[in-house]
Structure formats: C-alpha cells, structure tokens
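Chains A and B, in that order, give the protein sequences. Residue numbers for the first sequence follow the numbering used here, beginning at 1 and rising by one. Residue numbers for the second sequence follow the numbering used here, beginning at 111 and rising by one. For every residue, glycine included, the Cβ atom is placed at its ideal position computed from N, Cα and C. Below is one structure, written out as structure tokens; comments come after it.
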Amino acid sequence: GQNIDQPTEMTATEGAIVQINCTYQTSGFNGLFWYQQHAGEAPTFLSYNVLDGLEEKGRFSSFLSRSKGYSYLLLKELQMKDSASYLCAVGASGNTPLVFGKGTRLSVIA
Amino acid sequence: DGGITQSPKYLFRKEGQNVTLSCEQNLNHDAMYWYRQDPGQGLRLIYYSQIVNDFQKGDIAEGYSVSREKKESFPLTVTSAQKNPTAFYLCASSINSQETQYFGPGTRLLVL
Numbered sequence: 001g002q003n004i005d006q007p008t009e010m011t012a013t014e015g016a017i018v019q020i021n022c023t024y025q026t027s028g029f030n031g032l033f034w035y036q037q038h039a040g041e042a043p044t045f046l047s048y049n050v051l052d053g054l055e056e057k058g059r060f061s062s063f064l065s066r067s068k069g070y071s072y073l074l075l076k077e078l079q080m081k082d083s084a085s086y087l088c089a090v091g092a093s094g095n096t097p098l099v100f101g102k103g104t105r106l107s108v109i110a
Numbered sequence: 111d112g113g114i115t116q117s118p119k120y121l122f123r124k125e126g127q128n129v130t131l132s133c134e135q136n137l138n139h140d141a142m143y144w145y146r147q148d149p150g151q152g153l154r155l156i157y158y159s160q161i162v163n164d165f166q167k168g169d170i171a172e173g174y175s176v177s178r179e180k181k182e183s184f185p186l187t188v189t190s191a192q193k194n195p196t197a198f199y200l201c202a203s204s205i206n207s208q209e210t211q212y213f214g215p216g217t218r219l220l221v222l
C-alpha cells in the first residue's frame, strides 16, 4: 500500500526556522512534491525532489533521502504569512496519480 | 494567461438535486483530477483522467460522476446519491500522472 506520514500541527516563532518532516512508503518512486495551502485556498506548488539532496529556493528548501523514504521542508526567516498547511506528495508509479499526505498545519506566532 | 479555472466559487444544492462543477484548463495538460477536502482534512481523490475519453475512479467515487469529452474540460457531477456533499472541491491538472499538479481555485459546495 501507499502511506505518507507528516505531523498534524506545528507552531513556530516569527523569524525562526522550522523543519516539516515527511516519511513515505510507496510501491515505487518518481519524485516528491511539497505544496503550500492557505486556509480556504487551493494548494500551490513549492518544490520537487527526485534525487537525494537539498534543493534551495529562497527562504524554502526541500531535502530528500530515497534510501530512508524521508523528506523535509525547511522554512527560514519565518513570516506570519507562512502560516498555512504544507502537503507532501509522492509520485509512486507510472500510471497512478500522486499520493498526498494529510498535511501539516503550521502556525507562525509573534 | 495559462491556467486552470473552476466555477462557480460557491454552489448551493437542495436535497435530492444533482449539481455539476466546472473545471477548465488551457495548459495543454493530458491529466486532470478532482479532489474533495473537508474542513481541517487532507485531499481525497474522487476521479482522475489521464487522457480524453478515459477516466478512473479514485478513493471516494461513490455518488459522483465525471466526463472527459475534451482535453480542456473535466466536469464533476455531484449526484443525489452523495449523502454528505458539503465540502471544498478542487480540480487539478498535470502534464501526466507523475508530474506536478496545478490546482484551480476550488468550488465550495453547500447543501441547503
């Protein structure tokens, strides 16, 4: 079966760094995606990892270890607008849609 | 502008009534998807289509129907058989099933 695990909720302070973890167990692997979803809005694409290592994009970075079935999203210099849900999704095999985790709700406090 | 659109933004349904949610994309994507999201919950896949004139059931297809007569369009009908339809419905598209999905703005369906 396909399984993706993320923490349900996290809280962090404005200006700080937060790491949101994602572990996955899927029948195959074609890549891992991170999305951001603000309350009441649609998810927007943040990052994609298919090879091991760190991908940096401004204040956001995403890391992948395929051997461990593990990824994290790192948010630096947190801002209040970063309060949102962060969804991890995995491309598992050739003809099936991405498998989404249930998301991690991040609250940024002053 | 290329993108994916959904209409209406809000939709009200009476008991026993079928309603159809629109989803259109001009990104030339082959694959399209419908998800349901309940408050505070994750995305649940209703139906998906990888090519015109073909579609497959997702995890929660009961009470829903779709069609894919054109590449650009993937309408979702919520039938009266869906007993708890109140939710946020999201449409998405991608080049193929393993590529990045791009989401429309969503339709919020409320039962009167």
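- Assignment of D169 of chain B by DSSP, reduced to helix, strand and coil, places it in the coil class.
- Judged by DSSP secondary structure, F33 of chain A falls within the beta strand (DSSP E) whose first and last residues are G31 to Q37.
- For the pair R105 of chain A and T26 of chain A, the CB atoms are not nearer than the 8 Å cut-off.
- Straight across, the Cα-Cα distance linking R146 of chain B with P118 of chain B is about 15 Å.
- For A89 of chain A, the closest of A:F60, A:E55 and A:N30 by C-alpha to C-alpha distance is A:N30.
- Closer than 9 Å at the C-beta level to chain A, one finds these residues of the region 181-199 of chain B: F198.
- Annotation for D52 of chain A: L64, S65, R66 and S67 place their beta carbon closer than 8 Å to its own, counting only its chain and skipping 5 residues before and after.
- Per DSSP, Q2 of chain A lies in no beta strand (DSSP E) segment and is marked neither H nor E.
- Counting along the chain, the unbroken beta strand (DSSP E) around Q160 of chain B starts and ends at L153 to I161.
- Collapsing the DSSP output to three states places D82 of chain A in a helix.
- Per DSSP, the unbroken beta strand (DSSP E) holding N49 of chain A starts and ends at T44 to N49.
- Closest option to P185 of chain B, judged by alpha-carbon separation, among B:Y157, B:R123 and B:G126: B:Y157.
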